[in-house]
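First the structure, in the form of structure tokens, and then the observations on it.
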């Protein structure tokens, strides 16, 4: 068994331990809880511990989430930058959709 030398002093680390925010207890919204429960049900029914992005998208769609049908960001008022934000958001959604399609 290891025994430290009698004169040796040990110092507590001054580094703060990293905290993973995904593992700490917090209050989840109803939507977050519903999504987590649906994903857990999918994992159990499919036997897959780590679903693919396409499978996660399938779970999200099964909850009723979908992209808005017709979003014309150019028809929005431009007084406070809403149209620019809407264009940026639509572009991001399009990029995500394309990336998910390319995963298959």
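Numbering (the numbering used here), first residue to last: 447 to 550.
Glycine included, every Cβ here is placed at the ideal spot set by N, Cα and C.
Please read all numbers here as calculations on a predicted model, not as lab measurements.
Across the structure, residue 534 and residue 540 are spaced so that their CA atoms are roughly 10 Å apart. Rounded to whole angstroms, the gap between the alpha carbons of residue 500 and residue 547 is 8 Å. In this structure, DSSP gives residue 515 a state outside helix and strand, which the three-state scheme calls coil. Relative to residue 513, the option among 497, 537, 495, 496 whose CA is nearest is 537.
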